[in-house]
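Everything on this sheet refers to the single structure shown next.
Protein chains: 2
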Amino acid sequence: MASAGDVQALVTDPKLVEERRGQIVRAAVKLFSEDGYYTTTIQQIARQAGISTGLIYQYFRDKDDILFLSLKMVLDTYEHEIPSQLDGLTDPVERLCVSVWAYCHIVDRLREATVLAYRSTKSLRADRRILIKDAETRTNRLIEKCLKACVDGGYMREINEYMLSYQLVMFAHSWALKHWVLSEHYSLERYVGEGVTLLIEPFLTAKGRRGLAGVALRKRAFTSDSPFGDEAKPAAALMRRRKRATA
Amino acid sequence: MASAGDVQALVTDPKLVEERRGQIVRAAVKLFSEDGYYTTTIQQIARQAGISTGLIYQYFRDKDDILFLSLKMVLDTYEHEIPSQLDGLTDPVERLCVSVWAYCHIVDRLREATVLAYRSTKSLRADRRILIKDAETRTNRLIEKCLKACVDGGYMREINEYMLSYQLVMFAHSWALKHWVLSEHYSLERYVGEGVTLLIEPFLTAKGRRGLAGVALRKRAFTSDSPFGDEAKPAAALMRRRKRATA
DNA sequence: CGCGCCTGAATGAAACTTCAACGAGGAAAT
DNA sequence: ATTTCCTCGTTGAAGTTTCATTCAGGCGCG
Chain W
384 MASAGDVQAL VTDPKLVEER RGQIVRAAVK LFSEDGYYTT TIQQIARQAG ISTGLIYQYF
444 RDKDDILFLS LKMVLDTYEH EIPSQLDGLT DPVERLCVSV WAYCHIVDRL REATVLAYRS
504 TKSLRADRRI LIKDAETRTN RLIEKCLKAC VDGGYMREIN EYMLSYQLVM FAHSWALKHW
564 VLSEHYSLER YVGEGVTLLI EPFLTAKGRR GLAGVALRKR AFTSDSPFGD EAKPAAALMR
624 RRKRATA
Chain F
384 MASAGDVQAL VTDPKLVEER RGQIVRAAVK LFSEDGYYTT TIQQIARQAG ISTGLIYQYF
444 RDKDDILFLS LKMVLDTYEH EIPSQLDGLT DPVERLCVSV WAYCHIVDRL REATVLAYRS
504 TKSLRADRRI LIKDAETRTN RLIEKCLKAC VDGGYMREIN EYMLSYQLVM FAHSWALKHW
564 VLSEHYSLER YVGEGVTLLI EPFLTAKGRR GLAGVALRKR AFTSDSPFGD EAKPAAALMR
624 RRKRATA
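Just so you know, the sequences run in chain order W and F.
If you count by my numbering, then the first sequence holds residues 384 to 630, one letter each, in order.
If you count by my numbering, then the second sequence holds residues 384 to 630, one letter each, in order.
In structure tokens, the structure reads:
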């Protein structure tokens with residue numbers, strides 16, 4: 384039986400299905416983000432993707448299918464990219480800071496799409512809405528685990544890790560949700576910095592603060608070789624540098 | 384000239400206009416919140432309001448008008464009810480806590496409508512979107528001022544009041560946005576309590592913490608005469624009691 | 001030739017908006 | 001006082017447009 388997570392295609396070649404779907408979903412995310420789900424037409428998506436309207440129905444059963452895969456793509460990015468940034472890091476405080484930092488940078492990159500998720504998840508069929516929410520819960524757990532590790536290691540005093548993880552997630556999401564006003568006051572880098580000051584530092588133990596200082600130093604080291612370290616699009620550059628460093 | 388904020392009616396009697404619009408907007412908020420803006424039809428709104436479809440167009444020029452007044456109603460509630468709760472309170476820490484507490488309780492009461500604001504503000508005409516955002520900014524300032532008063536009075540250490548006010552606002556909004564998961568773990572009262580612990584307490588000075596203890600005691604006094612103080616729908620009861628107390 | 005992929009105009013339903021007509025109530029005219 | 005008329009609020013079916021979805025037919029390749 385075809386259940387909630389499946390999206391079935393009429394075209395048989397799996398390779399082609401994946402490629403075309405990627406093409407269509409990319410177009411859809413762009414248009415949905417700009418204009419909203421209901422105001423975007425299938426014809427617009429087809430034109431944006433460079434194919435005919437009819438072809439879309441060879442890869443998706445209906446418009447709801449497209450929205451589902453679009454949102455899933457966004458949520459999957461969160462779920463995969465944050466752990467990949469933590470790869471090789473062992474210091475709990477550093478892992479926590481990097482996870483928040485990574486989360487915010489992904490939100491920045493997928494800013495419009497993140498807003499789309501808030502706008503349109505409720506437009507999904509109920510059974511699929513649950514799958515999207517599950518994905519969000521899993522991402523949340525990532526942060527929560529980082530917090531638990533800090534507490535267990537004595538880097539952070541006893542707190543409600545569950546609540547704080549939600550605050551940290553909302554902090555990241557807010558960069559997209561309130562971008563219209565936040566971006567007038569802060570660059571992404573400064574925003575993340577303030578977030579750490581407000582939502583992490585106050586709960587660190589003396590041991591934890593020493594750890595944080597180490598993270599700060601290391602970050603400066605990563606950034607210092609670029610004259611534009613704090614500006615424009617530092618996200619991509621920083622991420623690349625980090626990957627090389629941990630590889 | 385008719386500008387962004389105006390919604391013009393064909394019916395002349397102002398008294399009638401206000402009444403009918405209230406009727407229509409109440410129906411619209413209910414339906415928009417349940418089903419979303421685009422999936423709700425004018426006919427449904429008319430039926431819910433107990434009038435004919437044609438009549439709606441005597442009081443609104445188009446569907447966008449209805450959405451605008453619906454969202455404005457929600458935002459206005461925030462802007463008016465929070466200050467009214469602060470009326471008569473002088474202690475800065477108490478004012479801060481009550482404003483957060485009031486914000487969360489209003490969000491709880493207008494939970495679906497708050498989600499609606501996040502989903503549908505972008506569906507508004509651009510010039511009106513700005514008006515809605517302005518209203519949100521003004522509400523934000525309320526919280527920010529409470530924070531500033533705490534810092535200036537020596538109740539709270541120097542912090543970025545702007546950023547913290549946004550965190551507090553997002554904390555309140557999250558009760559609506561993440562209600563599907565938060566309500567599994569917390570009652571509203573406990574949620575607010577945890578919020579104070581996480582987002583206010585850490586920044587209080589010794590003087591501020593003494594103030595907070597006073598607030599806690601006073602609140603317990605207000606609640607103690609009810610055997611259900613922490614359950615079900617304490618919001619309305621608490622608010623009524625508070626009003627009597629300050630009157 | 002047949003199969004799989006693709007096209008884009010046609011279809012049909014859905015829903016925003018309009019409009020012709022109704023009724024009540026008051027003012028003017030007889 | 002009664003009748004007529006007119007205005008204002010109201011109705012709900014009709015008009016019009018806008019899409020999601022389908023389908024009859026191309027194109028290329030094995």
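Idealized CB from N, CA, C, for every residue including glycine.
| Check | Outcome |
| --- | --- |
| Other residues of its chain near residue 479 (chain W): CB distance less than 6 Å, five sequence neighbours each side excluded | 529, 533 |
| Member of F:496, F:445, F:503 whose CA lies at the smallest distance from the CA of residue 461 (chain F) | F:496 |
| Contact set between the region 487-514 of chain W and chain F, restricted to residues whose Cβ is under 7 Å from the partner | 501, 502, 505, 506 |
| Assumed close pair residue 441 (chain W), residue 394 (chain W) - CB separation to whole angstroms, cut-off 8 Å | 5 Å |
| Chain-ordered neighbours of residue 564 (chain F) on chain W, where CB pairs are closer than 9 Å | 516, 519, 520, 523, 549 |
| Closer than 7 Å at the beta carbon, the chain W residues around residue 557 (chain F) | 549, 553 |
| Straight-line Cα distance separating residue 498 (chain F) from residue 398 (chain F) | 31 Å |
| Within 8 Å of chain F by C-beta, residues of the region 524-548 of chain W in sequence order | 542, 543, 545, 546, 547 |
| Sufficient close CB pairs (3 or more, under 8 Å) joining the region 558-574 of chain W to the region 582-598 of chain W | no |
| Cross-chain neighbours of residue 421 (chain F) in chain W, by beta carbon under 7 Å | 421 |
| Partner residues on chain W for residue 577 (chain F), Cβ-Cβ distance less than 7 Å | 543, 546 |
| Under 8 Å from the C-beta of residue 586 (chain F): neighbouring residues of chain W | 585 |
| Between the CA atoms of residue 477 (chain W) and residue 541 (chain W) - distance to the nearest angstrom | 18 Å |
| Top-ranked residue by Cα proximity to residue 503 (chain W), from F:556, F:431, F:487, F:422 | F:422 |
| Minimum Cβ-Cβ distance from residue 581 (chain W) to chain F less than 7 Å | yes |
| Local conformation of residue 587 (chain W) per DSSP, three classes | strand |
| Residue 429 (chain F) versus F:562, F:410, F:420, residue with shortest Cα-Cα distance | F:410 |
| C-alpha gap between residue 405 (chain F) and residue 520 (chain F), whole angstroms | 25 Å |
| Given residue 448 (chain W) as reference, the closest of W:471, W:435, W:501, W:515 once Cα atoms are compared | W:515 |
| In DSSP terms, what residue 539 (chain W) is bridged to | W:587 |
| Member of W:418, W:548, W:554, W:407 whose CA lies at the smallest distance from the CA of residue 488 (chain W) | W:554 |
| Contacts of residue 398 (chain W) in chain F (Cβ-Cβ under 9 Å) | Under the 9 Å cutoff, chain F gives no residues; its nearest Cβ is about 36 Å from residue 398 (chain W). |
| DSSP three-state assignment for residue 396 (chain F), whether helix, strand or coil | coil |
| Under 7 Å by beta carbon: chain F residues contacting residue 413 (chain W) | What residue 413 (chain W) touches in chain F: nothing, since even the nearest Cβ is about 15 Å away. |
| Three-state secondary structure (DSSP) of residue 561 (chain F) | coil |
| Proximity below 7 Å, CB of residue 420 (chain W) to CB of residue 450 (chain W) | yes |
| Three-state class that DSSP yields for residue 388 (chain F) in the structure shown | coil |
| Contact under 7 Å by Cβ, residue 457 (chain W) with residue 493 (chain W) | yes |
| Alpha-carbon spacing of residue 484 (chain W) relative to residue 473 (chain W), whole angstroms | 16 Å |
| As assigned by DSSP and simplified to three states, the class of residue 434 (chain W) | coil |
| Cβ-heavy atom distance, residue 583 (chain F) to the ligand ATP, below 6 Å | Absence of the ligand ATP is noted for the structure shown, with no ligands found whatsoever. |
| Anticipated Cβ contact below 8 Å, residue 501 (chain W) with residue 560 (chain W), distance rounded | 7 Å |
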